[in-house]
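The structure appears below as structure tokens.
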Amino acid sequence: MNYGQIYYADVANGIGCRTALFVSGCTHQCKGCFNEMTWDFNYGQKYTKEVEDEIIESLKPSYIDGLTILGGEPMEIVNQKEIRPLLECIKKEVPRATIWINSGYTLEELTDASNKRCHGEDTDAILSMTDILVDGEFELDKKDLMLRFRGSSNQRVIDMKETLKSGKTVLSKYNDRDRSRM
Numbered sequence: 042m043n044y045g046q047i048y049y050a051d052v053a054n055g056i057g058c059r060t061a062l063f064v065s066g067c068t069h070q071c072k073g074c075f076n077e078m079t080w081d082f083n084y085g086q087k088y089t090k091e092v093e094d095e096i097i098e099s100l101k102p103s104y105i106d107g108l109t110i111l112g113g114e115p116m117e118i119v120n121q122k123e124i125r126p127l128l129e130c131i132k133k134e135v136p137r138a139t140i141w142i143n144s145g146y147t148l149e150e151l152t153d154a155s156n157k158r159c160h161g162e163d164t165d166a167i168l169s170m171t172d173i174l175v176d177g178e179f180e181l182d183k184k185d186l187m188l189r190f191r192g193s194s195n196q197r198v199i200d201m202k203e204t205l206k207s208g209k210t211v212l213s214k215y216n217d218r219d220r221s222r223m
């Protein structure tokens, strides 16, 4: 896996101050994507054990709330192979850190075991360690700058812990509009 960028004090991609990992590679290629250069799986730098260690260390200060993984597309099967061990390590070393994942795949696509495009041997484990999933492709005709943590109105901010517990999709309290800009 490659990554395009890591922000170690990000306040735009989730609640609180976070580390944000922008992975490379995306087959959605949404029209109007804000991060088009990350579509290429070879874009950026190689993700290594040293990079993983830096990310985990960045989560340890008490003022850091967690990790957000975006892209590109973190839930491409090839990227899941690196995402899962990262999340397992975080849950072991920094269990208070929240995990947010932004994916162009919908929750329904990700949980459909017959969908080999995005559901693989790591998918369920990744989703079980995820606190918030922002799902759905960016749709330019549904772009809305008043939405929190997503770019278009078809995308959802899903509370994964409650979703997995209840067996039905539970939207997060962060699924609302950004009232500070109104």
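Plus 41 on top of the position in the sequence shown (first one is 1) and you've got my numbering.
Backbone N, C-alpha and C fix where the C-beta goes; we use that ideal spot for every residue, glycine too.
In this structure, the beta-carbon distance from Asp-163 to Arg-125 falls below 7 Å. Looking at the DSSP output, Ala-61 bridges to Tyr-48 and Thr-109. A direct Cα-Cα distance of roughly 13 Å separates Asp-217 from Asp-200. Of the candidates Ala-138, Arg-158 and Arg-137, the residue whose Cα lies closest to the Cα of Gly-145 is Arg-158.
Counting along the chain, no beta strand (DSSP E) covers Thr-204; the unbroken alpha helix (DSSP H) around it starts and ends at 201-207. In this structure, the beta-carbon distance from Gly-55 to Thr-79 does not fall below 7 Å.
In this model, Ala-138 and Ile-118 are separated by some 24 Å (Cα to Cα). In this structure the region 67-85 does not lie against the region 130-137, because fewer than three pairs of beta carbons, one per stretch, are closer than 8 Å.
With the rule of 3 Cβ pairs closer than 8 Å, the region 205-214 does not count as touching the region 100-110.
With contacts defined as CB atoms closer than 7 Å, Tyr-84 and Glu-123 fail to qualify as a contacting pair.
Look at Thr-89 here: in three-state DSSP terms it is coil, with no helix or strand label.
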